[in-house]
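Trainee: Structure in structure tokens, see below.
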Amino acid sequence: MPHASQLSRLAAALLLLVAPAVALQDEPGVGDGKKRAALRQSPEFKREVNAAIDRGVRWLRARQNRDGSFTASHAVSYRAGETALCAYTIAQAGGREDDRVMGPALSYLRANPPVKTYSAGVTMLLLAELEGGADDPLAQETLEKIIDWERSNPRGAWGYPNGRIDLSNVQFAALGLWAANRMGLDVPLGLCQRVVVTTVERFLQEPREASAALKEAESREGRSKAGETMVAGFTYEMGGGEARGSMTVAGIAVNRIMERIHGRRLGRKAVNLMRSAERHALGWLEENLSFTQNPGAGGWPLYYLWGVERMAAFMEIDLLFGRDWYQEGARHLLGKQKADGGWSNNLHDTCFALLFLARATQGGRVSSGDLGGLASLLSAEAPLRARVTGSWHLRGWVDSAPEGAEIERVEWLLNGEVIHEAVFDAGRPRAGQRFPFERRFTREEPAVVVARAHVAWADDAEGDLPRPTTLESKPLTIPIEWDAERWAREATAVPRPEGISLGRAKIEASSAMDRFEVGRAFDGLEGTAWRAAKEDLQPAITFSFSRSQKVRGVVISQGGSSPARVGDFDGATRIRLTVNDDEVHEFEVPDQFPARIDLALPRPVRIKTLELRILATAGGPGIARGLAEVVLR
Numbered sequence: 012m013p014h015a016s017q018l019s020r021l022a023a024a025l026l027l028l029v030a031p032a033v034a035l036q037d038e039p040g041v042g043d044g045k046k047r048a049a050l051r052q053s054p055e056f057k058r059e060v061n062a063a064i065d066r067g068v069r070w071l072r073a074r075q076n077r078d079g080s081f082t083a084s085h086a087v088s089y090r091a092g093e094t095a096l097c098a099y100t101i102a103q104a105g106g107r108e109d110d111r112v113m114g115p116a117l118s119y120l121r122a123n124p125p126v127k128t129y130s131a132g133v134t135m136l137l138l139a140e141l142e143g144g145a146d147d148p149l150a151q152e153t154l155e156k157i158i159d160w161e162r163s164n165p166r167g168a169w170g171y172p173n174g175r176i177d178l179s180n181v182q183f184a185a186l187g188l189w190a191a192n193r194m195g196l197d198v199p200l201g202l203c204q205r206v207v208v209t210t211v212e213r214f215l216q217e218p219r220e221a222s223a224a225l226k227e228a229e230s231r232e233g234r235s236k237a238g239e240t241m242v243a244g245f246t247y248e249m250g251g252g253e254a255r256g257s258m259t260v261a262g263i264a265v266n267r268i269m270e271r272i273h274g275r276r277l278g279r280k281a282v283n284l285m286r287s288a289e290r291h292a293l294g295w296l297e298e299n300l301s302f303t304q305n306p307g308a309g310g311w312p313l314y315y316l317w318g319v320e321r322m323a324a325f326m327e328i329d330l331l332f333g334r335d336w337y338q339e340g341a342r343h344l345l346g347k348q349k350a351d352g353g354w355s356n357n358l359h360d361t362c363f364a365l366l367f368l369a370r371a372t373q374g375g376r377v378s379s380g381d382l383g384g385l386a387s388l389l390s391a392e393a394p395l396r397a398r399v400t401g402s403w404h405l406r407g408w409v410d411s412a413p414e415g416a417e418i419e420r421v422e423w424l425l426n427g428e429v430i431h432e433a434v435f436d437a438g439r440p441r442a443g444q445r446f447p448f449e450r451r452f453t454r455e456e457p458a459v460v461v462a463r464a465h466v467a468w469a470d471d472a473e474g475d476l477p478r479p480t481t482l483e484s485k486p487l488t489i490p491i492e493w494d495a496e497r498w499a500r501e502a503t504a505v506p507r508p509e510g511i512s513l514g515r516a517k518i519e520a521s522s523a524m525d526r527f528e529v530g531r532a533f534d535g536l537e538g539t540a541w542r543a544a545k546e547d548l549q550p551a552i553t554f555s556f557s558r559s560q561k562v563r564g565v566v567i568s569q570g571g572s573s574p575a576r577v578g579d580f581d582g583a584t585r586i587r588l589t590v591n592d593d594e595v596h597e598f599e600v601p602d603q604f605p606a607r608i609d610l611a612l613p614r615p616v617r618i619k620t621l622e623l624r625i626l627a628t629a630g631g632p633g634i635a636r637g638l639a640e641v642v643l644r
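Printed below as a string of structure tokens:
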């Protein structure tokens, strides 16, 4: 019998099937389904996009910290948000099966659940993408938070969750509700109705007459009667202000999401309101459309582009006012990618760019050609279509074969040698068999993967051409990256202990760089760190307690908590603990980049003062010295 969550998902899926499709796909000037064949990008363009995605994903993955988190500019305020956004991006643009990223990231998120609306929305997107069900406690708790954080004045809106209300927060709450609905969780009808009303009535500008050029174009194309075209963009804050491209595509997407969840159950008032608002908003967008900057605002251009991708996905359009929105946006992003693979030093900018390129809202990356690392092998030229995902833990399966070809077995070849054979199971339906393989790597090496299928042909297979008995996929070269198993092993070798309370302790450092104060070593985040001044060659942290505390040892995490940050710090190789100004213990640290180091005292000691001093480091002068985390246990 199906599980309750499975029944909920089925009900949600059936609801989507009966929900009304908004008749804008084939309206002239917005989207034209008949023109989709003309939108097939060239193989060269696909290869460029795929290569950019691969570089971006590698850049992002190299910034995951030892504790599974991704933390940068918003590390303290959005503990869950940056991690969820980065993991969701990698799931969509790289691979949902990326074990090194997803497992630690989920563990971190379960230990640090979201406390902000943005964080809650992207956490739900990640959980839905990883096929979390209605029985997932984190999904249930996060949905409850989103519902509880709905503001009372006006209802149907969200803030941070407190303080100012804005449409950007509303958008991420809506994305969280959409993800919850996909997982089979119940999203209240009344809440969705309130969201539509508030989004339109509080964030849509007062409609004005369109420009003469737009009115002429719409009249010529039969989209409206001459003189009746009105336009209005969506604003960031309630009650007026400048319309922005990012908020206009957000307003359209929010309403479309509510319709995805409940369809005609939203009621005539809400549906009519959103239809009218969408017409006005699309008019404003047509007047101001850009794929290089955020219209009306200028800032946050990559956030705006991801918004265009979401809007187009929910509207199910390939053309926007006769323009190929994806190709134009992708061309712009390809020109802005940095040599190291990122789009800026901010994690979120690279995430927004990758989510656009991967068309994440439509279900993630589906592409063709030789994609490098986290890849999907899908070649139109090859007779056999297969997929391979991963960068050190590879998984592959047959995606499809020519019509009439009945696969009997598949040989998976690695660097020309057969490493696995998957045989047809006569006891299962043929349509559901994917002939998978799996392979883990423990060292860096080139990997060329090919699927070779041995086939028979159905009697009714059409065509007069000779029919081969073997079919092969296009070879895919995957650069196996550094020893990820070692990383995972070290990251969990010494679990984070329960430390003693430092609430009344006086903590001082011998020195600290600007923005790297000593408190960063005690904030529970591996992605932040205390950095001593460069001239401080033996930096120290001193703890002073008004009442003695029993201490068994000190657990430290080295600075440089992700592969991309290893070179930012000298690794400590010798550390001295001085207890109560007289008892001295020195520790050798053999590896400068393990996960956590337990400096255990010979016996538990009651202390009033403790000095931790870095005596020696590995590296050269001028590299920062410091620690990411310190815990007294």
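For reference, each letter of the sequence shown is one residue, going 12 to 644 in our numbering. Even for Gly, the Cβ is constructed at its ideal location relative to N, Cα and C.
Helix, strand or coil: which one does DSSP assign to Thr584?
Mentor: Note: Thr584 maps to strand in three-state DSSP.
Trainee: Residues in its own chain within less than 6 Å of Pro486 by CB, not counting five upstream and five downstream?
Mentor: For Pro486, where only same-chain residues beyond five positions count, the Cβ hits under 6 Å are Val459 and Val461.
Trainee: Can you say whether Gly105 is buried or exposed, counting buried as having 16 or more other CB atoms within 10 angstroms of its CB?
Mentor: Under this definition Gly105 is a buried residue.
Trainee: Can at least three beta-carbon pairs, one atom from the segment 115–122 and one from the segment 69–79, be found at a separation below 8 Å?
Mentor: The answer is yes - the segment 69–79 touches the segment 115–122, with three or more Cβ pairs under 8 Å.
Trainee: Nearest CA to the CA of Val207: which residue from Ser163, Glu155 and Glu270?
Mentor: Checking every option, the nearest Cα to that of Val207 belongs to Glu270.
Trainee: How do the segment 577–592 and the segment 611–620 stand: do at least 3 beta-carbon pairs fall below 8 Å, yes or no?
Mentor: With the cut-off at 8 Å, the segment 577–592 and the segment 611–620 touch.
Trainee: When the distance is taken between beta carbons, is Pro394 closer than 7 Å to His291?
Mentor: No, the pair does not count as a contact, with Cβ atoms beyond the cut-off.
Trainee: Which same chain residues, not among the five before or five after Asn180, have their C-beta less than 6 Å away from its C-beta?
Mentor: Thr128, Trp169 and Gly170.
Trainee: With a floor of 4 residues, list each alpha helix (DSSP H) that falls wholly inside the segment 293–371, ordered by position along the chain.
Mentor: The qualifying runs are 312–326, 336–347 and 358–368.
Trainee: In this structure, does DSSP put Ile176 in helix, strand or coil?
Mentor: Of the three classes helix, strand and coil, the one that applies to Ile176 here is coil, per DSSP.
Trainee: Quick one: what's got a C-beta closer than 7 Å to Ala347's C-beta in the same chain, skipping five residues either side?
Mentor: The question names Ala, yet the displayed sequence has Lys at residue 347. If we look at Lys347 and ignore the five residues flanking it on each side, its Cβ neighbours are Trp354.
Trainee: With distance defined between alpha-carbon atoms, name the residue in Asn266, Arg275 and Ala364 nearest to Val68.
Mentor: Out of Asn266, Arg275 and Ala364, Ala364 has the C-alpha closest to the C-alpha of Val68.
Trainee: For Pro574 and Arg636, which I take to be in contact (beta-carbon distance under 8 Å), what is that distance rounded to the nearest angstrom?
Mentor: Incorrect: roughly 20 Å between the Cβ atoms, too far for contact.
Trainee: Would DSSP call Ile64 helix, strand or coil?
Mentor: Correct three-state label for Ile64: helix.
Trainee: What number of angstroms, rounded off, separates the C-alpha of Glu161 from the C-alpha of Ala532?
Mentor: Near 35 Å, if we compare the C-alpha coordinates of Ala532 and Glu161.
Trainee: With C-beta atoms as the reference, is Glu220 less than 7 Å away from Gly307?
Mentor: Cβ atoms of Glu220 and Gly307: not closer than 7 Å.
Trainee: Please tell me whether Arg74 and Val112 are closer than 7 Å, where the distance is taken between their beta carbons.
Mentor: For Arg74 and Val112, no; Cβs fall outside 7 Å.
Trainee: Taking only the alpha-carbon atoms, compute the straight-line gap between Thr209 and Arg166 and give it to the nearest angstrom.
Mentor: Straight-line Cα distance between these residues: approximately 7 Å.
Trainee: To the nearest whole angstrom, what separates the beta carbons of Leu178 and Met258, a pair I think is in contact under 8 Å?
Mentor: Sure, about 5 Å apart at Cβ, within 8 Å.
Trainee: Suppose the cutoff is 6 Å on Cβ atoms and the five residues either side in sequence are ignored; what does the same chain contact list for Val33 look like?
Mentor: Confidence at Val33 is low in this model, with a pLDDT of 35, below 50, so the placement of that residue should be treated as unreliable; the coordinate-derived value is given next. Here the set comprises nothing.
Trainee: Taking only three categories from DSSP, how would you classify Lys619?
Mentor: Of the three classes helix, strand and coil, the one that applies to Lys619 here is strand, per DSSP.
Trainee: Taking three-plus beta-carbon pairs below 8 Å as touching, is the segment 422–442 in contact with the segment 513–530?
Mentor: The segment 422–442 is not in contact with the segment 513–530.
Trainee: Can you give me the start and stop residues for the alpha helix (DSSP H) that Gln560 sits inside?
Mentor: Careful: Gln560 lies outside any alpha helix (DSSP H), inside the beta strand (DSSP E) at Ala551 to Gln569.
Trainee: Do His343 and Phe302 have their CB atoms nearer than 7 Å?
Mentor: Going by C-beta atoms, His343 is nearer than 7 Å to Phe302.
Trainee: Name the two residues that bound the continuous alpha helix (DSSP H) containing Arg267.
Mentor: Note, Arg267: alpha helix (DSSP H), Gly256 to His273.
Trainee: Would you mind working out which of Ala523, Gly256 and Arg66 sits nearest Tyr315, comparing C-alpha positions?
Mentor: With distances taken between Cα atoms, Tyr315 lies closest to Gly256.
Trainee: Could you tell me which of Thr246, Asp351 and Gly274 sits nearest to Asn305, measuring between CA atoms?
Mentor: The shortest Cα separation from Asn305 among Thr246, Asp351 and Gly274 belongs to Thr246.
Trainee: DSSP state of Phe56, grouped into three classes?
Mentor: DSSP places Phe56 in helix when its eight states are reduced to three.
Trainee: Between the Cα of Ala412 and the Cα atoms of Ala397, Leu405, Glu422 and Ile586, which residue gives the shortest distance?
Mentor: Closest by alpha carbon: Ala397.
Trainee: Who are the near neighbours of Leu610 in its chain, counting only those whose CB is closer than 6 Å to its CB and skipping five residues on each side?
Mentor: Answer for Leu610: Gly564, Val565 and Phe598, listed in chain order.
Trainee: Candidates Val211, Asp436, Ser130 and Leu141: which alpha carbon is nearest Gly92's?
Mentor: Taking only the C-alpha atoms, the option nearest Gly92 is Ser130.
Trainee: Classify Asp525: buried if its beta carbon has 16 or more other beta carbons within 10 angstroms, exposed otherwise.
Mentor: Asp525 should be labelled exposed.
Trainee: Hey, how far is the Cα of Ser287 from the Cα of Arg205?
Mentor: Roughly 16 Å between the two C-alpha positions.
Trainee: Note down, in chain order, each residue of its chain lying with its Cβ closer than 6 Å to the Cβ of Thr100, except the 5 sequence neighbours on either side.
Mentor: Hits under 6 Å: Cys362, Leu365 and Leu366.
Trainee: Can you find the residues in the same chain that come closer than 6 Å, C-beta to C-beta, to Ala639, ignoring five residues on each side of it along the sequence?
Mentor: Correct list, in chain order: Glu537, Ala540, Ser568, Gly570 and Ser572.
Trainee: Exposed or buried, what is Thr480 when buried is set at 16 or more other beta-carbons lying within 10 Å of its beta-carbon?
Mentor: Exposed, since its Cβ has fewer than 16 Cβ neighbours within 10 Å.
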